[in-house]
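What follows is one structure encoded as structure tokens, with my remarks underneath.
Residue numbers (our numbering): 13 to 376.
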């Protein structure tokens, strides 16, 4: 395809969402961050890429590509960086975004079109319609395009590839970022206490796995030693295709974050850690400091009704909590279904097609 379109992101997390559209429309992916560039080139060598150099901007291929583009698609504001380009600019959301405030929306005013995920985002946007008017469309969640079908054969293939026991149930732990997540509070206890009747996959947030600090490197090495002794345990440093992990998960342990919401695509039973800064009260407090509307905060915290909260299970170790969560998962089934519909809408994989169709007809 010869469409004059660019996809810009400095963040590793946004790449899979943007790529789903690039595959439909062609165009060039542009990035200037080293770790994100390496990830893109490793995972998607068949797609067109141009490097963006902020210091030598006018000589960089990425700058030239965006100068000539009719449309630039991105997953973050990048207002200052994108403002010199005359192309139409559209915004997609790669995470299950739950923080649209007046201040955040003000930072998005330079976009010609916002592609919202579902009813939750629309509800937040419409709250400020009198002050800020946007052109938007609800198109669904882009990453679902990359989610494999959940069946016995796909599960067997992924578990075998990862070197895990295909006969065991699989527990996946996905905490949030290092500043507010439960990784240091939970990871060793999970490895030590979880029964050998489970596979265990531990996936630190990309803010840690993609940018390890010097003291974290020795900590990861120590955890890998402990994990090897346990057996059927994998520490995934963002090397495994994330949807594959969600597909094989029989239970997800999280910090009430985006992975928890995304896993509801598969109606996966949940444990919310509820520990430290990931507790109900701390998340509520953090959202209040962002000036989120009270009703929007309560909507965000509905995820805590979708599964067992570890911090509330006094006296249980992690193995007992996992056993209980799986035994009682049907008690939370209606909450999981209702919350999924509120956040995402239809349970399908067609968001990228819907976004691409609008971009093609209106901006190219």
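Virtual Cβ for every residue (Gly too), placed ideally from N, Cα, C.
This one's a predicted model, so the numbers in the text were calculated from it and none came from an experiment.
Give, in chain order, every unbroken run of the alpha helix (DSSP H) that is at least 4 residues long and sits entirely within the segment 255-321.
-> 270-275, 292-301, 306-312
Would you check if the distance between the CB atom of residue 308 and the CB atom of residue 194 is smaller than 7 Å?
-> no
What is the residue span of the alpha helix (DSSP H) that residue 48 lies within?
-> 46-55
Look at the Cβ atom of residue 361, then the Cβ atom of residue 156, and state whether they are nearer than 7 Å.
-> yes
Which of helix, strand or coil does DSSP assign to residue 115?
-> helix
Go through its chain and collect everything with a Cβ distance to residue 132's Cβ below 7 Å, but skip five positions before and after it.
-> 110, 311, 354, 355
Classification of residue 248 by the beta-carbon crowding that lies within 10 angstroms, buried from 16 upward | buried
Consult DSSP for residue 328 and reduce its assignment to one of helix, strand or coil.
-> coil
In terms of residues, what are the limits of the beta strand (DSSP E) holding residue 126?
-> 125-128
Work out the CA separation of residue 79 and residue 282 for me, nearest whole Å.
-> 46 Å
Skipping 5 residues on each side, what residues in its chain have a beta carbon closer than 8 Å to that of residue 340?
-> 320
Nearest residue (CA-CA) to residue 261, options 299, 344, 182, 251 | 182
Given that a residue counts as buried once 16 or more other Cβ atoms are within 10 Å of its Cβ, and exposed if not, what is residue 153?
-> buried
CB contact flag (residue 103, residue 162, <7 Å) = no
Of all the CB atoms in chain D, is at least one closer than 7 Å to the CB of residue 368?
-> Going by chain labels, chain D is absent from the structure shown, which holds only one protein chain.
For residue 270 versus residue 107, is the C-beta distance shorter than 7 Å?
-> yes
Taking C-alpha atoms, which residue in 359, 197, 61, 324 lies nearest to residue 293?
-> 324
Helix, strand or coil for residue 75 per DSSP?
-> helix
Report back the beta-carbon spacing between residue 72 and residue 64 to the nearest angstrom; my notes put them in contact at under 8 Å.
-> 5 Å
What residue from 101, 374, 358, 330 has the CA that sits closest to residue 200's CA?
-> 330
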